[in-house]
Amino acid sequence: MPRPALGRGTRARRLWQFLAVLVALVSSLVVHATTEDEPDPTSGSASTSGSAQDPWTLLWSDDFEGDAGTPPNGEYWSHEIGGSGWGNEELQYYTDSADNAALDGEGHLVITAREVDPATTDLKCWYGPCTVTSARLITAGKQKFTYGRIESRVKVPAGSGSWPALWMLGADFGEVGWPQTGEIDIMEFVGREPDQVFGTIHGPGYAGGESFNGFLDIGRPVAEDWHEFTVEWSPQKIVWAVDGAAFHQASPTDVAPHEWVFDHPFFLLANLAVGGNFGGALAADVVFPVSFTIDHVRVYRASGDPS
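Sequential numbering of the sequence shown, starting at 48, is according to our numbering.
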């Protein structure tokens, strides 16, 4: 689903790294989750465990358990397919092939960008015969969430031109379009900024190059290690963290006088883009295939919330 190019924008805020900002608020956050078929809430991956010591209760998760080479769980994820550039002049053609998205047999989902020969491929991209394939997975129509804590442990690829992301779009995207639906970028990484990670919201009046975002420079190449990214989302604010360090927050006041469009259900997306307006030029020394590896995606609600 196309959207304008992402960027730091003129409204980007300074880095902030204090960790205590959430402590007073976590017990008040509320999360609601629904599936299209409204399954029994005691079944599947949802957990009703929780305690006074733990402010969060696991609501939904995918830990990517399965045999190597098998596709991601079709009850949770669908593929988006095509080479339209996705609103950002990206180079890849998204496929539904296990060559581009599959479990590795060790509890991970691996999204892989692969080079293809434009002289022999039948795939058509916006610029002509495609040169790269990859995958973009969505939970639209299967899983959607309102508020809570979303976390994922990932390992990103190195190299300028790589652009992995875990993000969310409003479930009413098909009715109202982008950016009115809202977008929450839980994590983004671009290889041309090897030490930095980004967290962003897009909405009406603050989208694309005018998005409201923040970034964290972790002081070493992000691609060297696994990292855990979290978003804690409530009616009052959205707070981003990496490896437990909060680095950005957004609230209705931050986007005023524009509309805050984050009080309704959202679905998840995970993808590996190549090139594009934010991903940048593909480095000559990038060696394909390159992979974005996801250990888990988990969604929590506030413990004690009866809804």
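Yeah, the Cβ is synthetic: ideal placement off N, Cα and C, and Gly gets one too. This structure is a prediction, so every number in the text was calculated from the model and none was measured.
Contact check for His274 against Leu184 fails: the beta carbons are separated by 8 Å or more.
Under DSSP, the beta-bridge partners assigned to Pro211 are Leu319.
When C-alpha distances from Pro299 are compared across Ala292, Trp307, Ala293, the shortest belongs to Trp307.
If only complete runs of 3 or more residues are kept, the region 130-167 shows the beta strand (DSSP E) at 139-141, 148-150, 156-162, in order along the chain. Fewer than three Cβ pairs drawn from the region 285-296 and the region 150-164 lie within less than 8 Å of each other, which leaves the two stretches out of contact. Cβ contact annotation for Gly252 (same chain, cutoff 6 Å, sequence separation greater than five): His305, in chain order. DSSP, reduced to helix, strand and coil, places Pro299 within a helical segment of the structure shown. Every unbroken stretch of the beta strand (DSSP E) spanning 3 or more residues and falling wholly within the region 185-245 is given here in chain order: 191-193, 195-202, 209-217, 230-235. In the structure shown, the three-state DSSP call for Asn324 is helix.
Here Gly116 is exposed: its Cβ has fewer than 16 other Cβ atoms, across all protein chains shown, within 10 Å. Its Cα nearest to that of Phe339, the residue Gly206 stands out among Gln296, Cys177, Gly129, Gly206.
By the Cβ-count criterion, Arg267 is exposed, with fewer than 16 other Cβ atoms from all chains shown falling within 10 Å of its own Cβ. For the options Thr193, Pro211, Ile231, the alpha carbon positioned closest to that of Gly326 is the one of Pro211. For Ile285, the enclosing beta strand (DSSP E) begins and ends at 285-289. Bridge partners of Asp264 according to DSSP: Gln243. With a threshold of 16 other beta carbon atoms within 10 Å, Gly238 meets it and is buried.
Three or more Cβ pairs closer than 8 Å define a contact, and the region 153-166 meets that threshold against the region 310-328. In the DSSP annotation of this structure, the continuous segment of the beta strand (DSSP E) that includes Trp103 starts and ends at 103-109.
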